[in-house]
Amino acid sequence: MNAVEIRELSKNFGQKQALNGLNMTVPIGAIYGFIGENGSGKSTTEKIICGLLVPNGGEIKLYGEDYKNSDVRAKVACLIEAPGCFPNYSVWNNLMLQATNLGILNSEEEIRRVLKLVRMEGSASNKFKNCSLGMKQRIGIAMALIGSPKLLVLDEPINGLDVDGMRIMREILTDITKKGECTIIISSHVLGELEKVATHYGIVRGGKMIKEMTAEELEKDCPTYVALKTQDMLKTKALLDKKYRRVVEENEYLRVYDSVNSEEVVNYLCEFGVFVSEVKTDKISLEEYYVNLMNGKGGK
Amino acid sequence: MTTSNVKFESISLKTRIITMLKVDLRRMFTMPLFYIMVGVSAVIPVLVLVMTSMMAGTPSVDPVTGVETTMASFENVWQTLGSTSDSGAMMSMDLVGMCNINMIYFLIAILVCLFISDDFRSGYAKNLFAMRSKKTDYVISKTVVGVVGGVAMILGYFVGAMLGGGIASLSFEVVGATAGGIVACIFSKIFIVAVFVPIFVVMSVVAKQKSWLSILLSLGASMLLFTMIPMISPLDSTFLNVILCLAGGVLLSVGLGSISNVILQKTSLV
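The listed protein sequences correspond, in order, to chains E and X. Going by the working numbering, 302 is the number at position 286 of the first sequence; the sequence numbering is gapless. Going by the working numbering, 243 is the number at position 248 of the second sequence; the sequence numbering is gapless.
Okay, structure coming up:
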C-alpha cells in the first residue's frame, strides 16, 4: 500500500488544462520532492490531494482508501501557499484553535510538542502578524503537525527563507519522518535544498508526471565526474577522448565521466605536457538533472 | 523525534459540531468586530430616539415643490420594535418604519459575511477542510454562531432602545398591544435571525474570501425579505407568530444549509 496513489488525474480551470492525466505514487514514509516549472500542476495536485480543489477526473487513493473518506482525511495536513493563521492571534492561540478543531483532549501538551518540533518553544506568545517569514512557515508546519498527521503536504515551504531558516526546516522535516510514520509531499523550486531531504522525486510538466524515481535512482542517473580546466581545452579534449569514453565540455570545464580519480586524469595529461590549472571531482546535481530533463537530454 | 501521545475524541457528528462550535464561538467572542457591531446596534436606537425627539415637529419646506412637512418622531418606545398589525404602518417606509429594530438584520449580514470571509482570507478554511471537518459541520457551526451573534445584536438594539427611550423621555406605555405581545414580538425577531443567517452563510460560501461580494449579495437578499419582517413579527405578536418564525428559521437553516454544503463540496475552496 502507498500513502498516495493517483491515476489519470485531470483538472481544468475554464479552458486551461492544469492537469492532464497525472499519475503519482508516493510510498509510505517517503519525503517526496515534487518538482516542476511554474504552472506545471504541482500546487493544483497538492490542493486536490488536500480536498481543496475538485478534480475533473481521475482516481486518488490515500492509504488505499478514497481520498474523500473522512477517516483518511483525518490523516492529512497541509501547508499550502501560506499558513492558515489569524494574524491578530498569538501563535499559541492559533495552534489552540487547530487543536480544538481536531478534538485533541491534551491540547496544551500537543501544542508544546509541536512547538518543540519546530524550534519555537519561546515564541508561543508572539502575535502571528509580528513573526518573521521563517517563523510563519514554521508555525504553518506546527499547525499541520498537530494531531500527528500521516500525510503532510507542503507547498513551497522553503521559498523566501534565509540560510538558517532552510537549515531549520530541513531538520524539522528529517525529524518528522525519522520514525517513518509520516509521509511528506514537498514541492519546491529550491532544488539544492530538496535534494538534501527527499527520498523520492516526481517531476511534472504540463500537467503530466514525466518522471518518478527514488533518491537512489537519481544518484545512479547523476554520475560523479572529474572536471578540469587547462589553457588549451581543445588539445586536452582530444587527448582525453583517446582514453575516456565520455568527455564533455560544459560550463567552461571539461568533464570526464568515466573517472572519479582526478589524480589519474591529471597525471595522464601531464604525460603529454598539458598543464591543468583547475581540477575537481563533482556530481550532477538535481538541478542540473532537472534542467537536462526539461531540455530533452534525459536528465543525464 | 518527540514522542507523540495524541488522544482523539470519538468523531461523532455531535462531537465534531461541538469542537467546531467551541472554536467559532471563541473566535466570535474574541474578535473586536463582534463588540463593535453589538455596540453599534445599541447606539443606533439611542441616537435615533434622542435625535427624532429633539427634532419632532420641526417644519421643513421642500425647496422644489414648496411643500411643508413636519419631522415625524416615535410616539412610544415600543415603536422601535415594530407596529401593531392593525395600525396599517407595518409596511411603512418612513423614518419610524425604517429605523426600527428590523434594520439590524442588515448589520447582522455584515457580521456574518466578515466572519466567514475571514476563514477563507486567513487560510484557516484550508487547514480545516484539508484535515478533518466535514462541510456540514462547518455550515452548521457558522449558522449557529451567526445566529448567536445576530441575537446579541437584536438584544443590543433592545437595550439601546430602552435606554434611548429613557433619555428621550418617550412613553413606555403599551398602545395597541399587550406586554405578552411585545415579548412574543421580541422572540419572533430573535427567531427571524435564523431565517436571515442561513442566507448570509450561503452568500458567504459562494463569495468565499471576497467579503465585499458576500456583503453585497446578502444585503440584496435581505432587501427582498425586509418587508416581510414587520408582517410576521408585529408588536402585537402571538404565540403563533413565534412558532411561525421559529419554523421558518429552522426550515431555512436546514434548506439553505444543505445548499451551502453542496456549494462547499462542489466548488474550489482556495
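Yeah, the Cβ is synthetic: ideal placement off N, Cα and C, and Gly gets one too. Since this is a predicted model, take the numbers as computed values, not measurements.
At least one beta carbon of chain X lies nearer than 9 Å to the beta carbon of alanine 93 of chain E. By the criterion of a C-beta distance shorter than 8 Å, glutamine 33 of chain E is surrounded in its chain by Ser26, Lys27, Gly223, once the five residues flanking it on both sides are discounted. Of X/Asp114, X/Ile187, X/Ala216, X/Ile227, the smallest CA-CA separation from methionine 23 of chain X is found for X/Asp114. Chain E places no beta carbon closer than 9 Å to that of glutamine 204 of chain X, leaving this residue out of the contacts. Closest by C-alpha distance to arginine 23 of chain E, out of E/Gly80, E/Gly156, E/Gln31, E/Thr230, is E/Gly80.
Taking each of X/Met46, X/Ala147, X/Ser55 in turn and checking the Cα distance to threonine 65 of chain X, the smallest one comes out for X/Ser55. Look at the stretch 156 to 179 of chain X: it has no residue with a C-beta under 9 Å from a C-beta of chain E.
Taking 9 Å as the cut-off between beta carbons, the residues of the stretch 4 to 27 of chain X near chain E are Glu4, Ser5, Ile6, Thr10, Arg11, Ile13, Thr14, Met15, Lys17, Val18, Arg21, Arg22, Thr25, Met26, Pro27, in sequence order. Contact with chain X is absent for proline 173 of chain E, since none of that chain's Cβ atoms lies less than 9 Å from the residue's Cβ. Between lysine 261 of chain X and chain E, the shortest Cβ-Cβ separation is below 9 Å. The continuous beta strand (DSSP E) containing tyrosine 241 of chain E extends over residues 240 to 246. Per DSSP, the unbroken alpha helix (DSSP H) holding alanine 120 of chain X starts and ends at 119 to 126.
Between the alpha carbons of glycine 208 of chain E and tryptophan 108 of chain E lies a distance of about 33 Å. In the DSSP assignment, proline 43 of chain E falls within the beta strand (DSSP E) that extends over 32 to 43. Here DSSP, grouped into helix, strand and coil, assigns arginine 89 of chain E to helix. Within the DSSP secondary-structure output, aspartate 19 of chain X pairs in no beta bridge.
If you draw a straight line from the Cα of alanine 93 of chain E to the Cα of threonine 60 of chain E, it comes to about 16 Å. Listed by position along chain E, the residues whose Cβ is nearer than 7 Å to that of methionine 226 of chain X form an empty set, because the closest Cβ is around 40 Å away. Taking the Cα of isoleucine 12 of chain X as reference, the smallest distance to any Cα among X/Val245, X/Ile135, X/Thr79 is reached at X/Ile135. Shown in chain order are the members of the stretch 108 to 126 of chain E whose Cβ falls below 7 Å from a Cβ of chain X: Leu113, Gln114, Thr116, Asn117, Leu118, Gly119, Ile120, Leu121, Asn122, Glu126. Excluding five sequence positions before and after alanine 172 of chain X, the CB atoms of its chain that fall closer than 6 Å to its own CB belong to Thr79, Leu230, Asp231, given in chain order. In the displayed model, aspartate 171 of chain E falls within a strand according to three-state DSSP. When secondary structure is reduced to three states using DSSP, threonine 173 of chain X falls in the coil class, being assigned neither helix nor strand. With respect to threonine 193 of chain E, isoleucine 47 of chain E sits close: the two C-beta atoms are nearer than 9 Å. In the assembly as shown, cysteine 286 of chain E is an exposed residue. Its beta-carbon has fewer than 16 other beta-carbons within 10 Å. Looking at the DSSP output, glutamate 265 of chain E shares a beta bridge with E/Leu270. The DSSP-derived three-state label of alanine 19 of chain E is strand.
For phenylalanine 153 of chain X, DSSP records no beta bridge to any residue. Per the C-alpha coordinates, the member of X/Val72, X/Val200, X/Phe124, X/Ser117 positioned closest to leucine 251 of chain X is X/Val200.
For serine 166 of chain X, the pairing in a beta bridge is given by DSSP as X/Asn71. Secondary structure at threonine 14 of chain X: helix, using DSSP grouped into helix, strand and coil. Straight across, the Cα-Cα distance linking glycine 181 of chain E with methionine 40 of chain E is about 29 Å. DSSP lists X/Thr65 as the bridge partner or partners of proline 54 of chain X.
Look at the beta carbons and you see the stretch 98 to 107 of chain E touching the stretch 138 to 147 of chain E: at least three pairs across the two are nearer than 8 Å. The beta carbon of tyrosine 100 of chain X sits closer than 6 Å to those of Phe191, Ser217, all from its chain and outside the five residues before and after it, given in chain order. For glutamate 303 of chain E, the enclosing alpha helix (DSSP H) starts and ends at 302 to 310.
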